[in-house]
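Residue numbers (my numbering), protein chains in the order written: chain B, 120 to 345; chain W, 120 to 345; chain P, 120 to 345; chain S, 120 to 345.
Cβ coordinates follow ideal geometry from the N, Cα and C atoms, glycine included.
Source: prediction; values computed, not measured.
Encoded as structure tokens, the structure appears first; notes follow it.
There are 4 protein chains.
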Amino acid sequence: MNLQFPTIIVNFKTYLESTGRKGLDLAKQAERASKETGICIVVVPQFVDLMKIAETVEIPVFAQHIDPIKPGNCTGHILAESVKDAGAVGTLINHSERQLKLSDVDSVIALAHENGLISCVCANNPSVSAAVAAMRPDITSVEPPELIGSGISVSIAKPEIVTDTIKLVRKVDPKMTILCGAGISTAEDVAIALKLGTCGVLVASGVVKAKNPYSVLCSFAEATKK
Amino acid sequence: MNLQFPTIIVNFKTYLESTGRKGLDLAKQAERASKETGICIVVVPQFVDLMKIAETVEIPVFAQHIDPIKPGNCTGHILAESVKDAGAVGTLINHSERQLKLSDVDSVIALAHENGLISCVCANNPSVSAAVAAMRPDITSVEPPELIGSGISVSIAKPEIVTDTIKLVRKVDPKMTILCGAGISTAEDVAIALKLGTCGVLVASGVVKAKNPYSVLCSFAEATKK
Amino acid sequence: MNLQFPTIIVNFKTYLESTGRKGLDLAKQAERASKETGICIVVVPQFVDLMKIAETVEIPVFAQHIDPIKPGNCTGHILAESVKDAGAVGTLINHSERQLKLSDVDSVIALAHENGLISCVCANNPSVSAAVAAMRPDITSVEPPELIGSGISVSIAKPEIVTDTIKLVRKVDPKMTILCGAGISTAEDVAIALKLGTCGVLVASGVVKAKNPYSVLCSFAEATKK
Amino acid sequence: MNLQFPTIIVNFKTYLESTGRKGLDLAKQAERASKETGICIVVVPQFVDLMKIAETVEIPVFAQHIDPIKPGNCTGHILAESVKDAGAVGTLINHSERQLKLSDVDSVIALAHENGLISCVCANNPSVSAAVAAMRPDITSVEPPELIGSGISVSIAKPEIVTDTIKLVRKVDPKMTILCGAGISTAEDVAIALKLGTCGVLVASGVVKAKNPYSVLCSFAEATKK
Chain B
120 MNLQFPTIIV
130 NFKTYLESTG
140 RKGLDLAKQA
150 ERASKETGIC
160 IVVVPQFVDL
170 MKIAETVEIP
180 VFAQHIDPIK
190 PGNCTGHILA
200 ESVKDAGAVG
210 TLINHSERQL
220 KLSDVDSVIA
230 LAHENGLISC
240 VCANNPSVSA
250 AVAAMRPDIT
260 SVEPPELIGS
270 GISVSIAKPE
280 IVTDTIKLVR
290 KVDPKMTILC
300 GAGISTAEDV
310 AIALKLGTCG
320 VLVASGVVKA
330 KNPYSVLCSF
340 AEATKK
Chain W
120 MNLQFPTIIV
130 NFKTYLESTG
140 RKGLDLAKQA
150 ERASKETGIC
160 IVVVPQFVDL
170 MKIAETVEIP
180 VFAQHIDPIK
190 PGNCTGHILA
200 ESVKDAGAVG
210 TLINHSERQL
220 KLSDVDSVIA
230 LAHENGLISC
240 VCANNPSVSA
250 AVAAMRPDIT
260 SVEPPELIGS
270 GISVSIAKPE
280 IVTDTIKLVR
290 KVDPKMTILC
300 GAGISTAEDV
310 AIALKLGTCG
320 VLVASGVVKA
330 KNPYSVLCSF
340 AEATKK
Chain P
120 MNLQFPTIIV
130 NFKTYLESTG
140 RKGLDLAKQA
150 ERASKETGIC
160 IVVVPQFVDL
170 MKIAETVEIP
180 VFAQHIDPIK
190 PGNCTGHILA
200 ESVKDAGAVG
210 TLINHSERQL
220 KLSDVDSVIA
230 LAHENGLISC
240 VCANNPSVSA
250 AVAAMRPDIT
260 SVEPPELIGS
270 GISVSIAKPE
280 IVTDTIKLVR
290 KVDPKMTILC
300 GAGISTAEDV
310 AIALKLGTCG
320 VLVASGVVKA
330 KNPYSVLCSF
340 AEATKK
Chain S
120 MNLQFPTIIV
130 NFKTYLESTG
140 RKGLDLAKQA
150 ERASKETGIC
160 IVVVPQFVDL
170 MKIAETVEIP
180 VFAQHIDPIK
190 PGNCTGHILA
200 ESVKDAGAVG
210 TLINHSERQL
220 KLSDVDSVIA
230 LAHENGLISC
240 VCANNPSVSA
250 AVAAMRPDIT
260 SVEPPELIGS
270 GISVSIAKPE
280 IVTDTIKLVR
290 KVDPKMTILC
300 GAGISTAEDV
310 AIALKLGTCG
320 VLVASGVVKA
330 KNPYSVLCSF
340 AEATKK
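Below, the structure written as structure tokens:
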């Protein structure tokens, strides 16, 4: 499966506002915003909510993480095959809240590929983004951890992180799809992220904790068109 | 919620034989075996399959693991609240394939308790079992890792691990519910585990990979009555 | 080797004030304070400084950590045999800044025992302390992490953590040697820790970062006599 | 400090044959072999042995690992400043037996640089080697873990891993110094590694467990001249 870009990826994390029935409702709002604006919106629910959400909405669903494992004796781990089977079309990898060893990032990109899952690998700065790009995932996303959940957008507070990432990643792989995230909470944050040269954004609390996620997502989606 | 003992806990691990539709089918066979024999059988599916299985069967469903986290910024982790919300009534903790730091075992037992989840903490030997018991989970289960998946039953190959566990755990907590697991694959393995003084068994490949899990589970359940 | 109690254990951590030549000097001050007061003072330097300090001072030297490994292919890890060979007579285990999986705490206690190293296992609260005691180390030390490095002494701010630890640990092992630590920075903090029923204290920044560690240690040592 | 190439890096790991007095003796043999052949030989002892070895021999000494930490509250960890202070001129990073999270590899390369330590980062395959190179260490070393300690040399059994690594790394950084390791145990293994285009080799058991490490090292050093 291929995503359509620009893309807005909504990470549900482990907020109570995006757990269970509330998570399903949030996914439906994302679907409605996507249909109305024509912009691709991806939802990234918690593992236990993934299957029901994937069965209910028609927009792409990603897992938050998969483990570097093969089927078998791996109690408590996340198997690529299971996530795919439950309806995910892609997965985040190495999110700053769920980091992997370097060699495991490489293994998990391969597992995602083998299972037909889009791989979106997160990095904390430009040089790590270049390292990620060297391992050929489908998407590289840069997110400075100090801004995650801050409400201060990377695209406005640290645009050089985004532009340096693009520069270093392009040297390694001129065609890599690059996203950015951290602190994105307004349509302007999104618009600037796109102007800096990214193909989209990762958002979380700015949407999940919004009073009206649907209208926030519509404004984000419209902002990608500017 | 309280379990009824003796209990057979079926850990689905990450076997393909217990993933997705096959996992749902396996849970149904466990339910049928439980109803027919009157013995409590708990199923422990993968995270992404948990909600659907909990919605479908009436026997108790456990999670394979929960993380020592609070709701919020924990991408890729397992939140007690989510697992509970999805229909789990308990959780394995510190399985030998998903071990935790000592202080996290304590934190996760508390999280399980706060969320009304039965805590079944695994230990690899008698002294670690005693350590677990000191942190007051609902259930302590001893499983020597070298026998896990071996087809050689702990109750037959290393009965002293079971009896030493019972002895050391009883000193710390005379009322602790104690299970054992590792390599259990025949009705006799189960019967002996109970005779050694446990309240039940943890099983995995012996059931998950059986040609007829239903009949295997019936034979295990009957063996607990002897 | 047996320690003499009461004992003051000085953890050098990775402070620059206790690195290299400064670490050696600090160890000499501890030795002088110990000789003058007659109270046992243990120094716990960084790994690279351990051998020289053990060769230079006559007071007991502990390692800050050992790994759950056997000799061989363990690049970058801490081998019990090496630490012993370098002159350590004991080791901290599971310090809150270097925590271990539950089963590894048990393995490392055994490794320390096999190598003739005194095992001092740290715990963050009373129930974890009881769990530690169940694995039979030589010493159990309780240190609430929120007070570590705070300058607010556990013995004064949270005496109930110390007394609850003593109560729970005694149930598991009536003869266990119990220490406490976290925020201890005055002679009074030490005196109260002893009055609460401990056999000594773990200190770090209160000594390492003091202008005159020697005189601070003398005052701590005298306080244990009250 | 700059190394002279070709270089042979001797990882002492945690073998008893390279612990304590035996480690010091091994380092002296390496020094003698280096002086006699004129080829740079680096020794990589265990942490507790590092200072004495660095004080005794005149060849370069590396640490086996450093942690992604700043001075302070990091009990049981390896501080770059301490390792430097003890006489190391460089460090292995991300050895397959001591792997780091991706972002920590980047942090530790920076710490090594700030402290004037040569950074030699290990990778398990060509794509991970390219990722490493993107983070600009001084040296990238490829070591397929399945051959480590096997006695079967990467340069002979899997030369394509070496040549693919060189190709992918050169794309990212045309000037990167590339080494290889795993299973190297004869002079021919070394000679072929150099012919494939590397600047040297990492060796361990082939030297540490040899009856006469000095003569083995001499033969390795001579082989680099062919």
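Between the C-alpha atoms of N244 (chain B) and I280 (chain B) there is a straight-line separation of about 7 Å. Within chain P, not a single residue places a beta-carbon under 8 Å from that of D144 (chain W); the smallest gap is close to 34 Å.
Using a 10 angstroms sphere on the CB of N130 (chain W), the tally of other CB atoms reaches 16 or more, which defines it as buried.
Put simply, of W:Q123, W:L122, W:P125 and W:L145 the residue whose alpha carbon is nearest the alpha carbon of G325 (chain W) is W:L145. With contacts defined by Cβ atoms closer than 8 Å, A310 (chain P) and A342 (chain P) form a contacting pair.
Classified as buried, R255 (chain S) has 16 or more neighbouring CB atoms from the shown chains inside 10 Å of its CB. In this structure, DSSP gives K314 (chain B) a helical state, which the three-state scheme calls helix.
Burial of K171 (chain B) is indicated by the presence of at least 16 other C-beta atoms within 10 angstroms of its C-beta.
The beta carbons of F166 (chain S) and I197 (chain P) sit closer together than 8 Å.
Counting of Cβ neighbours within 10 angstroms places E177 (chain P) among the exposed residues, the total staying below 16. Proximity of the segment 192-211 of chain P to the segment 229-244 of chain P meets the contact definition, three or more beta-carbon pairs being nearer than 8 Å. Within the segment 186-198 of chain S, the residues whose Cβ lies closer than 8 Å to some Cβ of chain P are I188, P190, G191, N192, C193, T194, G195, H196, I197 and L198, listed in chain order. K344 (chain P) is classed as exposed because its beta carbon has fewer than 16 other beta carbons within 10 Å across all chains shown. Within the same chain, Cβ atoms closer than 7 Å to the Cβ of V227 (chain W) are found at I185, P187, I212 and L219, the five residues on either side in sequence being excluded. Counting only Cβ-Cβ distances below 7 Å, D223 (chain P) has no contacts in chain S at all, with the closest Cβ about 13 Å away. Take K141 (chain S), set aside five residues on each side of it, and the residues of its chain with a beta-carbon closer than 8 Å to its own are L135, in chain order. Each of S:G139, S:R151, S:V327 and S:V162 was checked against the Cα of L122 (chain S), and the nearest Cα belongs to S:V162. Interface with chain P (8 Å Cβ-Cβ cutoff): N130 (chain S) is included. In the structure shown, the three-state DSSP call for T194 (chain P) is coil. Using a Cβ distance threshold of 8 Å, G195 (chain P) and E265 (chain S) do not count as a contacting pair.
Here the alpha carbon of V288 (chain W) sits roughly 19 Å from the alpha carbon of A301 (chain W). In terms of Cβ geometry, T133 (chain B) and C193 (chain W) form a close pair [threshold 8 Å]. Residues of chain W with a Cβ closer than 7 Å to the Cβ of E177 (chain B) do not exist; the shortest Cβ-Cβ separation is about 19 Å. At a cut-off of 8 Å between beta-carbon atoms, Q218 (chain B) makes contact with chain S.
With contacts defined as CB atoms closer than 8 Å, I303 (chain P) and S274 (chain P) qualify as a contacting pair. Shown in chain order are the members of the segment 284-295 of chain S whose Cβ falls below 8 Å from a Cβ of chain B: L287, K290 and V291.
Between D225 (chain S) and V247 (chain B), the alpha-carbon positions lie close to 7 Å from each other. For the options B:L321, B:P125, B:L143 and B:S153, the alpha carbon positioned closest to that of C337 (chain B) is the one of B:S153.
Contact between G316 (chain W) and I127 (chain W) is absent: CB atoms are separated by about 16 Å, not below the 8 Å threshold. Fully contained in the segment 211-251 of chain B are the following beta strand (DSSP E) runs of length 3 or more, in chain order: 237-242.
The residue from B:Y333, B:V327 and B:S334 with its alpha-carbon nearest to that of P164 (chain B) is B:V327.
Contacts between Y134 (chain B) and chain W, judged by CB atoms closer than 8 Å, involve P190 and G191 in chain order. Interface with chain S (8 Å Cβ-Cβ cutoff): K171 (chain P) is included. In the DSSP assignment, G139 (chain B) is bridged to no other residue. The C-beta distance from I158 (chain W) to P179 (chain W) rounds to 12 Å, too long to fall under 8 Å, and the pair is not in contact.
Taking the CA atoms as reference points, K203 (chain B) sits about 21 Å from E174 (chain W).
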